[in-house]
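Taking the working numbering, the leading residue of the sequence shown gets 136, the next gets one more, and so forth. Beneath this line is the structure, given in structure tokens, with notes to follow.
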Amino acid sequence: MLAEFEGTVSGHRDGHGFVLRDDGEADIYLPPNEMRAVLHKDRVKARIVRHDRKNRPEGRVTEIIERSPNPIIGRLLQESGVWLVAPEDKRYGQDVLIPKGAIGTAKPGQIVVVQLTEPPALFGQPVGRVKEVLGEIDDPGMEIEIAVRKYGVPHEFSDAALALARTLPDAVRPADKKGRVDLTDIPLVTIDGEDARDFDDAVYCEPAKVGRGKGWRLLVAIADVSHYVETGSAIDIDAYDRATSVYFPRRVIPMLPEKLSNGLCSLNPNVERLCMVCDMLVNAKGEVHAYQFYPAVMFSHARFTYTEVAAILANTRGPEAAQRKALVPHLLDLHDVYQALLKERGVRGAVDFETTETQIVCDEAGRIEKIVPRTRNVAHRLIEESMLAANVCSADFISGSKHEGLFRVHEGPTPEKKDILRTYLKALGIGMTITENPAPGEFQQIAMATKDRPDAMQIHSMLLRSMQQAIYTPMNAGHFGLAYEAYTHFTSPIRRYPDLLVHRVIKAVLTKSRYQLPVLPTPGEAEAKLSKRLASRVTEPDQKPKKPTADQLAWQAAGLHCSANERRADEASRDVEAWLKCKYMREHLGEEFGGVVTAATSFGIFVTLDAMYVEGLVHITELGGEYFRFDEARQELRGERTGIRYAIGTRVRVQVSRVDLDGRKIDFRLVREGEELVARAMKDKAGGRGADLPEQERALPRKASEQRGGKRDDKRAGKGTEQRAGAREGSAAGSRTAKSPIQALKAAVKKSAASAGRKQSKKPRR
Numbered sequence: 136m137l138a139e140f141e142g143t144v145s146g147h148r149d150g151h152g153f154v155l156r157d158d159g160e161a162d163i164y165l166p167p168n169e170m171r172a173v174l175h176k177d178r179v180k181a182r183i184v185r186h187d188r189k190n191r192p193e194g195r196v197t198e199i200i201e202r203s204p205n206p207i208i209g210r211l212l213q214e215s216g217v218w219l220v221a222p223e224d225k226r227y228g229q230d231v232l233i234p235k236g237a238i239g240t241a242k243p244g245q246i247v248v249v250q251l252t253e254p255p256a257l258f259g260q261p262v263g264r265v266k267e268v269l270g271e272i273d274d275p276g277m278e279i280e281i282a283v284r285k286y287g288v289p290h291e292f293s294d295a296a297l298a299l300a301r302t303l304p305d306a307v308r309p310a311d312k313k314g315r316v317d318l319t320d321i322p323l324v325t326i327d328g329e330d331a332r333d334f335d336d337a338v339y340c341e342p343a344k345v346g347r348g349k350g351w352r353l354l355v356a357i358a359d360v361s362h363y364v365e366t367g368s369a370i371d372i373d374a375y376d377r378a379t380s381v382y383f384p385r386r387v388i389p390m391l392p393e394k395l396s397n398g399l400c401s402l403n404p405n406v407e408r409l410c411m412v413c414d415m416l417v418n419a420k421g422e423v424h425a426y427q428f429y430p431a432v433m434f435s436h437a438r439f440t441y442t443e444v445a446a447i448l449a450n451t452r453g454p455e456a457a458q459r460k461a462l463v464p465h466l467l468d469l470h471d472v473y474q475a476l477l478k479e480r481g482v483r484g485a486v487d488f489e490t491t492e493t494q495i496v497c498d499e500a501g502r503i504e505k506i507v508p509r510t511r512n513v514a515h516r517l518i519e520e521s522m523l524a525a526n527v528c529s530a531d532f533i534s535g536s537k538h539e540g541l542f543r544v545h546e547g548p549t550p551e552k553k554d555i556l557r558t559y560l561k562a563l564g565i566g567m568t569i570t571e572n573p574a575p576g577e578f579q580q581i582a583m584a585t586k587d588r589p590d591a592m593q594i595h596s597m598l599l600r601s602m603q604q605a606i607y608t609p610m611n612a613g614h615f616g617l618a619y620e621a622y623t624h625f626t627s628p629i630r631r632y633p634d635l636l637v638h639r640v641i642k643a644v645l646t647k648s649r650y651q652l653p654v655l656p657t658p659g660e661a662e663a664k665l666s667k668r669l670a671s672r673v674t675e676p677d678q679k680p681k682k683p684t685a686d687q688l689a690w691q692a693a694g695l696h697c698s699a700n701e702r703r704a705d706e707a708s709r710d711v712e713a714w715l716k717c718k719y720m721r722e723h724l725g726e727e728f729g730g731v732v733t734a735a736t737s738f739g740i741f742v743t744l745d746a747m748y749v750e751g752l753v754h755i756t757e758l759g760g761e762y763f764r765f766d767e768a769r770q771e772l773r774g775e776r777t778g779i780r781y782a783i784g785t786r787v788r789v790q791v792s793r794v795d796l797d798g799r800k801i802d803f804r805l806v807r808e809g810e811e812l813v814a815r816a817m818k819d820k821a822g823g824r825g826a827d828l829p830e831q832e833r834a835l836p837r838k839a840s841e842q843r844g845g846k847r848d849d850k851r852a853g854k855g856t857e858q859r860a861g862a863r864e865g866s867a868a869g870s871r872t873a874k875s876p877i878q879a880l881k882a883a884v885k886k887s888a889a890s891a892g893r894k895q896s897k898k899p900r901r
């Protein structure tokens with residue numbers, strides 16, 4: 136009898152699906168007929184029955200263990216007198232039928248939330264009722280309303296949490312200061328972005344003697360959220376459920392009620408606030424010579440922005456410095472300690488790749504005005520290094536106390552990713568590689584050695600992709616990217632629950648007590664996906680795993696929960712940004728832009744536009760009438776006839792041909808390959824394999840009958856390493872657009888060859 140496996144259904148747009156197995160083995164592929172009776176996120180038992188033509192294990196659902204309780208968000212439609220909801224998330228794959236009496240006040244075309252009343256069956260669609268009406272698709276902020284429900288982000292505080300928040304004071308009371316160090320005379324300041332509303336951290340620096348040499352005293356004061364949010368309280372339960380604040384363009388869903396996040400806990404200027412302080416002595420080499428933690432009361436002397444601080448440091452006699460004359464010396468001290476910490480970072484070998492982050496600027500109606508790059512100046516780096524130092528001290532403090540706590544663990548690349556990276560570096564002829572047990576410095580050395588190459592972005596992207604994601608776990612395994620033996624998060628308790636837990640543990644150690652986690656909910660779907668990964672990453676292969684205690688299991692559950700919800704927040708934020716970008720690009724259909732290839736796959740290339748920082752797909756069927764082979768080692772597509780290569784960093788010119796708002800996808804069409812690119816490719820071919828081909832094969836495109844096309848969605852889902860270009864289906868915008876000069880030339884050559892062939896065939900046979 137074939138073994139059965141439990142897992143979660145993950146639907147796909149083309150009607151196919153997968154069962155994501157709990158045991159972490161290969162996912163089971165579900166053909167469309169198996170997807171009729173199940174929906175995305177259902178828990179099932181499945182059995183492998185065969186392997187399909189792509190060698191995927193194909194399965195059959197044998198039992199539905201649990202239907203997903205999540206509501207479905209979609210657009211209400213009426214077709215031939217029948218009401219139905221088309222899910223916004225295409226992974227559901229089926230429309231939901233709505234009985235006439237179950238639509239409530241909803242109107243056709245509106246976005247609604249549907250609760251299922253009857254699950255799907257092999258020969259019947261799912262049935263549901265309208266639970267909530269969100270509004271019209273073009274209403275401002277609708278994309279956020281959809282995302283928070285689509286990803287299950289808690290967006291409303293419980294009545295109990297709001298009631299408890301109302302009982303909290305508006306300011307620091309005399310009783311709150313008891314047992315705290317008074318730092319109100321120290322000119323601590325906050326440095327944040329222009330649009331920041333909550334202030335977690337404040338900094339201060341002054342010169343100090345460290346041992347026999349010079350150094351600095353660096354104070355990092357962090358909002359003392361734990362003083363007001365008691366373990367197990369209504370606010371704490373809501374905060375744990377959220378685990379993090381979620382940031383969208385124009386809107387934040389906070390982890391804590393606004394009275395705390397923007398008021399009582401925020402280190403606002405010119406008011407007293409409670410804080411936890413990491414007081415450090417840093418020597419001239421940038422090493423933390425000594426540190427201590429203590430609760431304090433502080434008074435922020437100024438609210439700086441990154442732009443303002445950068446301007447002051449660039450010109451201490453400028454207008455910005457004149458307005459902050461008394462604080463300029465302390466900013467210069469902060470800059471000095473930053474330079475020392477930066478020097479130590481280089482010695483440590485921490486990874487430091489420059490990446491471009493973007494910011495969506497919207498108008499009052501919620502429409503995108505522009506997309507601009509976020510520039511990191513010296514003030515950003517100054518704060519970053521100060522926070523890193525405090526986080527390292529926190530991790531060291533918890534490690535030395537033998538108390539359970541959460542670490543921020545980031546391990547090195549897996550064996551598979553190491554092999555892929557080595558092959559890639561060798562294929563590019565870089566002359567540098569990584570060892571079997573690489574150190575972070577090896578990655579940084581490769582990045583520095585290649586930073587001036589034309590394909591530097593391509594190389595740095597591959598270096599980043601080879602690394603794993605960081606997680607929260609009570610089992611410390613160090614932070615690979617930052618090159619720390621122990622690291623945690625201490626500096627943002629207003630917006631991250633792990634930081635709040637770290638504060639509680641540090642307080643418990645200071646008072647020689649022990650912090651006890653509250654009873655936590657049963658881990659959910661997101662945590663289950665990470666549990667196997669966590670177990671494999673924190674246990675050495677040659678060590679026999681020890682049976683964890685109840686306390687350790689509780690901390691593991693907390694780490695899994697925080698890690699999973701961090702990813703949930705990232706996915707929701709990316710979904711909203713993708714929706715906004717798609718809506719923005721609908722206004723630019725048919726327009727041409729310059730861009731750069733940011734990823735190459737077997738089904739096409741992803742291009743990011745220069746001026747807009749928007750990414751879209753140029754499907755392989757749009758690359759021209761020849762056979763393109765995907766080179767996994769070089770991460771590029773290469774035309775077999777012309778030798779044209781499309782790799783990360785290749786410059787192209789594209790036209791916006793299609794925008795799928797529901798699918799969050801943008802299609803581009805290549806409009807000019809560039810004479811330089813073609814000439815170089817043909818020259819390479821002549822000196823390589825192309826020189827061995829007959830002249831006709833080098834010059835003429837392949838016959839149309841030899842070319843194989845395909846729909847875009849099938850190609851996206853495909854995992855093959857070879858695809859043949861052909862006529863694109865279903866793109867009316869692309870078909871109406873004039874051919875590029877290169878494509879016109881190819882068509883003329885092809886037509887001429889076909890004509891010559893017909894004349895030759897009319898001659899009498901000998």
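Quick reminder that beta carbons are idealized off the backbone N, C-alpha and C, glycines included.
On the CB-based measure, 16 or more other CB atoms within 10 Å of its CB, does residue i come out buried or exposed?
{"i": "Val217", "result": "exposed"}
{"i": "Asp330", "result": "exposed"}
{"i": "Phe532", "result": "buried"}
{"i": "Ala296", "result": "buried"}
{"i": "Ser529", "result": "buried"}
{"i": "His186", "result": "exposed"}
{"i": "Ile779", "result": "buried"}
{"i": "Asp634", "result": "buried"}
{"i": "Asp336", "result": "buried"}
{"i": "Asp158", "result": "exposed"}
By alpha-carbon positions, which one of the options ends up nearest to residue i?
{"i": "Leu409", "options": "Arg315, Ser145, Ala514", "result": "Arg315"}
{"i": "Val247", "options": "Gly236, Met277, Pro255", "result": "Met277"}
{"i": "Leu257", "options": "Phe625, Ser361, Ala172", "result": "Ala172"}
{"i": "Gly501", "options": "Leu715, Thr623, Phe292", "result": "Leu715"}
{"i": "Glu499", "options": "Asp274, Ile321, Phe434, Gly694", "result": "Asp274"}
{"i": "Gln603", "options": "Gly348, Arg557, Pro548, His515", "result": "Pro548"}
{"i": "Gly209", "options": "Glu198, Lys225, Arg202", "result": "Lys225"}
{"i": "Val444", "options": "Val423, Met433, Phe428, Asp468", "result": "Asp468"}
{"i": "Ala298", "options": "Val789, Glu393, Thr558", "result": "Glu393"}
Pop quiz: residue i and residue j are said to be a contact at Cβ under 8 angstroms. What is the actual Cβ separation, rounded to whole angstroms?
{"i": "Phe741", "j": "Ile755", "result": "Their Cβ separation, rounded to whole angstroms, is 12 angstroms, which puts Phe741 and Ile755 out of contact at 8 angstroms."}
{"i": "Ala921", "j": "Leu318", "result": "A query on residue 921 cannot be resolved here, the shown segment of the chain reaching from 136 to 901 and no further."}
{"i": "Val283", "j": "Gly263", "result": "Not quite, the Cβ-Cβ distance comes to about 19 angstroms (not below 8 angstroms), so this is no contact."}
{"i": "Leu402", "j": "Ala358", "result": "6 angstroms"}
{"i": "Tyr622", "j": "Phe728", "result": "With a Cβ gap of about 41 angstroms, Tyr622 and Phe728 do not count as contacting."}
{"i": "Val794", "j": "Arg721", "result": "5 angstroms"}
{"i": "Val412", "j": "Tyr429", "result": "6 angstroms"}
Can you give the Cα-Cα distance for residue i and residue j, rounded to whole angstroms?
{"i": "Ser648", "j": "Val355", "result": "24 angstroms"}
{"i": "Gly774", "j": "Gly798", "result": "29 angstroms"}
{"i": "Ser627", "j": "Ala378", "result": "12 angstroms"}
{"i": "Lys285", "j": "Gln250", "result": "13 angstroms"}
{"i": "Lys682", "j": "Gly346", "result": "44 angstroms"}
{"i": "Leu466", "j": "Asn512", "result": "14 angstroms"}
{"i": "Leu416", "j": "Val338", "result": "14 angstroms"}
{"i": "Gly146", "j": "Leu155", "result": "10 angstroms"}
{"i": "Arg579", "j": "Ser596", "result": "The sequence shown places Gln at residue 579, rather than the Arg named in the question. So the alpha carbons of these two residues sit roughly 13 angstroms apart."}
{"i": "Arg771", "j": "Pro384", "result": "According to the sequence provided, residue 771 is Glu. The question's Arg does not apply to it. Rounded to the nearest angstrom, the two C-alpha atoms are 34 angstroms apart."}
{"i": "Gly484", "j": "Glu571", "result": "17 angstroms"}
{"i": "Pro464", "j": "Gly398", "result": "29 angstroms"}
{"i": "Ala584", "j": "Ser361", "result": "46 angstroms"}
{"i": "Ile594", "j": "Cys340", "result": "38 angstroms"}
{"i": "Arg631", "j": "Ser380", "result": "7 angstroms"}
Verify the CB distance criterion: does residue i have a CB-CB separation below 9 angstroms to chain D?
{"i": "Thr379", "result": "Of the protein chains in the structure, only one exists, and it is not chain D."}
For the ligand MN, I want to know if residue i counts as a neighbour, meaning its beta carbon is within less than 8 angstroms of at least one of the ligand's heavy atoms.
{"i": "Glu577", "result": "The ligand MN is not part of this structure, which contains no ligands at all."}
Problem set entry | Segments of 3+ residues assigned as beta strand (DSSP E) that fall wholly inside the region 471-518 | Fully enclosed beta strand (DSSP E) runs of 3 or longer: 492-497, 503-509.
For this session: Please specify which runs of the alpha helix (DSSP H), each continuous and at least 4 residues long, are wholly inside the region 552-626, giving them in chain order.
Result: You should have 575-585, 591-600.
Problem set entry | Sequence ranges, beta strand (DSSP E) only - wholly within the region 161-223, length at least 3 | Complete beta strand (DSSP E) runs here, min 3: 163-165, 178-186, 192-201, 207-214, 217-222.
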